[in-house]
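> Below you will find the structure I want to go over with you.
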Amino acid sequence: MGTKVVALMFLGVSSCTFAASANHSVKLGIYASSITYKEPSVMTEKGMMTGLKGQLSLHNNGQAILLDLMYSEGDMDYDGSGKLTNIPDSILEVRGMLGRDLYLQSGYRVTPYIGLGYRNLNDNSKDMITTTNRVGYEREQVYWYSPLGIEIQNGTLNGSWRLGARLEYDYFIAGRNHTYLSSVPGNNDLHLKQNRGSGYRMSVDFTRALSSITAVTIQPFYKYWNVKQSDTGRSGGKVYVEPDNNSTEWGVGLLLSF
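Numbering (mature numbering (1 follows the signal peptide of the UniProt record, and there is no 0)) for the sequence shown: -19 to -1, 1 to 239.
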């Protein structure tokens, strides 16, 4: 699976040292989060995710390029048409942003940015049976969105720690819900369009220098998505729709920067 290859690549490079100029930084590390996905009045899934994260920041002559890559896996518990535990989940997210650096007299660097993001969530209950004898299946949610945000860096807490933050609105461009019902006899796969939604996220960086070129960052974060009902599709003689849904994720990362 391609997402697992990406994760293994990050695992392999996470202990490497990158040479970077004073205006460039690479952050690599791990994170853990708690995520809750809801389709109101229909179902809820909750679980813990653990993963790998990389951030590349390039700053030159007031221009900024910000790149993010995140991959996580975990097990979810379902409560809807019966109950089901330990459903394998994975999330891949890739983002690229362009920004403009503004330097304040206080020493802060403020960077408004805009970009393009891709999010892929895979939830695979194929061949699993709920407590009410409903058969599970694999489903995949794909989001394309535009991050619109602001990054603040270089705030000093004391002589050893620096403070940074991001605050962001995510403009939903398009979504696809791939429901692989063909694993259930008498059904076909569905590919439903989701065209309305929004999200937002925030994070805070607490960074401590380890040497002249390396540092460690503790990064608590929060993410939220709200996506509206999809169009309809037919499978096994029935009409299906992906209902309004929302997801909430709280977590913390531990990153090394170079």
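Where a beta carbon is used, it is the ideal one built from N, C-alpha and C, also for glycine. Keep in mind the model is a prediction, meaning the values are calculated, not measured.
1. On the three-pair Cβ rule with 8 Å, is the segment 104 to 115 touching the segment 65 to 79?
2. Count the other C-beta atoms from every protein chain shown that fall within 10 angstroms of the C-beta of residue 189, then say buried if there are 16 or more, exposed otherwise.
3. Report the residue from 93, 221 and 142 whose alpha carbon sits nearest the alpha carbon of residue 169.
4. Along the beta strand (DSSP E) that carries residue 164, what are the first and last residues, could you check?
5. Tell me the DSSP secondary structure of residue 69 in three-state form.
6. Counting only runs that start and end within the segment 114 to 146, where is the beta strand (DSSP E) found for 3 or more residues in a row?
7. Alpha carbon to alpha carbon, how far is residue 20 from residue 59? Give it in angstroms, no decimals.
8. So, for residue 216: in the same chain, excluding its five sequence neighbours on each side, which residues have a beta-carbon less than 6 Å away from its beta-carbon?
9. Are there 16 or more other CB atoms within 10 angstroms of the CB of residue 100, so buried, or fewer, so exposed?
10. Which same chain residues, not among the five before or five after residue 143, have their C-beta less than 7 Å away from its C-beta?
11. In the DSSP output, which residue or residues are listed as bridge partners for residue 187?
12. Under the assumption that residue 115 contacts residue 63 (Cβ atoms under 8 Å), give the Cβ distance between them as a whole number of angstroms.
13. Mark residue 4 as exposed unless 16 or more other C-beta atoms lie within 10 angstroms of its C-beta, in which case mark it buried.
14. Whole angstroms is fine: what's the gap from residue 157's alpha carbon to residue 12's?
15. Please go through the same chain and pick out, in chain order, the residues whose beta-carbon is closer than 7 Å to the beta-carbon of residue 2, but skip the five residues on each side of it.
16. Using the beta-carbon count (16 or more within 10 Å), is residue 18 buried or exposed?
17. In terms of alpha-carbon separation, which member of 117, 96 and 113 lies closest to residue 127?
18. What do you reckon, are the CB atoms on residue 9 and residue 235 nearer than 7 Å?
19. Evaluate contact between the segment 85 to 94 and the segment 23 to 36, counting only Cβ atoms and requiring at least three cross-stretch pairs below 8 Å.
20. Which of the three DSSP states is assigned to residue 88 in this structure?
21. Report the rounded CA-to-CA distance for residue 180 versus residue 196, giving the unit in angstroms.
22. To the nearest whole angstrom, what separates the beta carbons of residue 232 and residue 15, a pair I think is in contact under 8 Å?
23. Identify the continuous beta strand (DSSP E) that holds residue 233 and give its terminal residues.
24. Name the one or two DSSP bridge partners that residue 46 has.
25. List the whole-angstrom C-beta distance separating residue 225 from residue 173, where the pair is believed to meet the contact cut-off of C-beta under 8 Å.
Well, looking at it:
1. yes
2. Along the sequence shown, one-based indexing puts residue 189 at 208. Exposed, since its Cβ has fewer than 16 Cβ neighbours within 10 Å.
3. Counting from 1 along the sequence shown, the entry for residue 169 is found at position 188. Nearest C-alpha to residue 169: 221.
4. On the sequence shown, residue 164 is found 183 positions in, with the first residue counted as 1. Taken as a continuous stretch (DSSP letters only), residue 164 belongs to no beta strand (DSSP E), as it is neither H nor E.
5. Sequence index remark: in the sequence shown, residue 69 carries index 88 (1-based). Of the three classes helix, strand and coil, the one that applies to residue 69 here is strand, per DSSP.
6. 119 to 137
7. On the sequence shown, residue 59 is found 78 positions in, with the first residue counted as 1. On the sequence shown, residue 20 is found 39 positions in, with the first residue counted as 1. Distance between the alpha carbons of residue 59 and residue 20: 11 Å.
8. Here residue 216 is taken as the residue at index 235 of the sequence shown, counted from 1. For residue 216, where only same-chain residues beyond five positions count, the Cβ hits under 6 Å are 162, 168, 169 and 171.
9. As a working mapping, residue 100 is identified with position 119 in the sequence shown. Answer is buried; the Cβ neighbour count reaches 16.
10. Taking the first residue of the sequence shown as 1, we reach residue 143 at position 162. Answer for residue 143: 135, 136, 137 and 188, listed in chain order.
11. Within the sequence shown, numbered from 1, the residue matching residue 187 stands at position 206. Partner(s): 144 and 199.
12. As a working note, residue 115 is residue 134 in the sequence shown. As a working note, residue 63 is residue 82 in the sequence shown. Correct: roughly 6 Å between the Cβ atoms.
13. On the sequence shown, position 23 is the one that residue 4 refers to. Exposed.
14. The residue labelled residue 157 in the question sits at position 176 within the sequence shown. The residue labelled residue 12 in the question sits at position 31 within the sequence shown. Distance between the alpha carbons of residue 157 and residue 12: 27 Å.
15. Residue numbering aside, residue 2 sits at position 21 when the sequence shown is read from its first letter. Legend: pLDDT at residue 2 = 40, less than 50; position of this residue unreliable, no value from coordinates given.
16. Along the sequence shown, read from residue 1 onward, the residue named residue 18 stands at position 37. The residue in question, residue 18, is buried, as its Cβ has 16 or more Cβ neighbours within 10 Å.
17. On the sequence shown, residue 127 is found 146 positions in, with the first residue counted as 1. Ranking the options by Cα distance to residue 127, first place goes to 96.
18. As a first step, residue 9 must be located in the sequence shown, where it is residue number 28. As a first step, residue 235 must be located in the sequence shown, where it is residue number 254. No.
19. no
20. Against the sequence shown, residue 88 aligns to sequence position 107. Correct three-state label for residue 88: coil.
21. As a working note, residue 180 is residue 199 in the sequence shown. As a working note, residue 196 is residue 215 in the sequence shown. Going by C-alpha positions, residue 180 is about 30 Å away from residue 196.
22. Counting from one through the sequence shown, the residue named residue 232 turns up at place 251. Counting from one through the sequence shown, the residue named residue 15 turns up at place 34. So it is a contact: roughly 7 Å between Cβ atoms.
23. Residue mapping note: residue 233 aligns to position 252 of the sequence shown, counting from 1. 226 to 238 is the span of the beta strand (DSSP E), which, as asked, contains residue 233.
24. For the purposes of this step, residue 46 is taken as residue 65 along the sequence shown, with counting starting at 1. Paired residues: 39 and 79.
25. Taking the first residue of the sequence shown as 1, we reach residue 225 at position 244. Taking the first residue of the sequence shown as 1, we reach residue 173 at position 192. 13 Å between Cβ atoms; not a contact.
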